[in-house]
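Data first, discussion second: the structure below is written as structure tokens.
And the structure:
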């Protein structure tokens with residue numbers, strides 16, 4: 035895997051699985067280090083997601099995905115992960131839910147044939163909606179499609195009459 039000249043380098047699938055297994059083992063023990071183990075599980079799962087979906091706009095590499103699957107199977111990590119699900123902090127699920135709600139919301143705003151009650155609600159809350167959308171997921175600077183959609187929605191709301 036080529037190393038980036040600037041920015042983060044990504045761990046290899048064997049390293050990701052090794053770190054995940056070690057963190058899950060520490061989490062199972064439930065000792066004083068369980069909070070740190072939980073953070074490491076979260077980081078490892080984010081790394082897994084990066085391999086599966088690709089990193090920062092890059093397509094996933096088939097060889098790495100296959101290697102990740104094989105390493106996960108060989109290390110018997112899935113049963114450990116399932117066994118420890120209740121111990122994992124899924125605060126990040128909130129972000130996913132908000133992001134999915136955004137996609138539902140954009141259907142209402144982008145609809146050129148909005149029902150009158152929807153249009154009235156959007157108009158009545160125009161300023162609040164623009165403020166909210168302006169500050170919504172500002173951390174997603176790399177996600178060009180999301181930012182384009184967000185800008186489009188802001189423009190649509192501002193131009194409503």
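Residue numbers (our numbering): 35 to 195.
C-beta: ideal position from N, C-alpha, C; glycine also.
Report task. For residue 184, count neighbouring Cβ atoms within 10 angstroms of its own Cβ and tell me buried if that reaches 16, exposed if not. Result -> The residue given as residue 184 occupies position 150 in the chain shown. Burial call: buried.
**Report entry** Euclidean distance between Cα positions of residue 186 and residue 135
**Finding:** To locate residue 186, count along the chain shown from 1; it is residue 152. To locate residue 135, count along the chain shown from 1; it is residue 101. Within the model, the alpha-carbon separation for residue 186 versus residue 135 is close to 16 Å.
Query raised in the report: Is the distance from the Cβ of residue 141 to the Cβ of residue 190 below 9 Å?
Result: Residue numbering aside, residue 141 sits at position 107 when the chain shown is read from its first letter. Residue numbering aside, residue 190 sits at position 156 when the chain shown is read from its first letter. No, they are not a contact pair.
Report task. Just tell me which of 120, 108 and 180 has its CA closest to the CA of residue 91. Result -> Against the chain shown, residue 91 aligns to sequence position 57. Minimum Cα distance to residue 91 is reached at 180.
**Report entry** Contiguous alpha helix (DSSP H) assignments of at least 4 residues, all confined to the segment 70–158
**Finding:** Listed in chain order, they are 96–108, 111–117, 126–144 and 150–158.
Query raised in the report: Going by the beta-carbon positions, is the gap between residue 97 and residue 48 smaller than 9 Å?
Result: Position 63 of the chain shown, counted from the start, is the residue given in the question as residue 97. Position 14 of the chain shown, counted from the start, is the residue given in the question as residue 48. Not a contact, by the Cβ cut-off of 9 Å.
Query raised in the report: Residue range of the alpha helix (DSSP H) that residue 177 falls in?
Result: Against the chain shown, residue 177 aligns to sequence position 143. From DSSP, residue 177 is part of no alpha helix (DSSP H); its letter is neither H nor E.
**Report entry** Straight-line gap, residue 99 to residue 121 (C-alpha atoms, nearest Å)
**Finding:** Taking the first residue of the chain shown as position 1, residue 99 is located at position 65. Taking the first residue of the chain shown as position 1, residue 121 is located at position 87. Here the C-alpha atom of residue 99 lies approximately 26 Å from the C-alpha atom of residue 121.
**Report entry** C-alpha distance - residue 117 paired with residue 86, whole-angstrom precision
**Finding:** The count along the chain shown starts at 1 and reaches residue 117 at position 83. The count along the chain shown starts at 1 and reaches residue 86 at position 52. Rounded to the nearest angstrom, the two C-alpha atoms are 22 Å apart.
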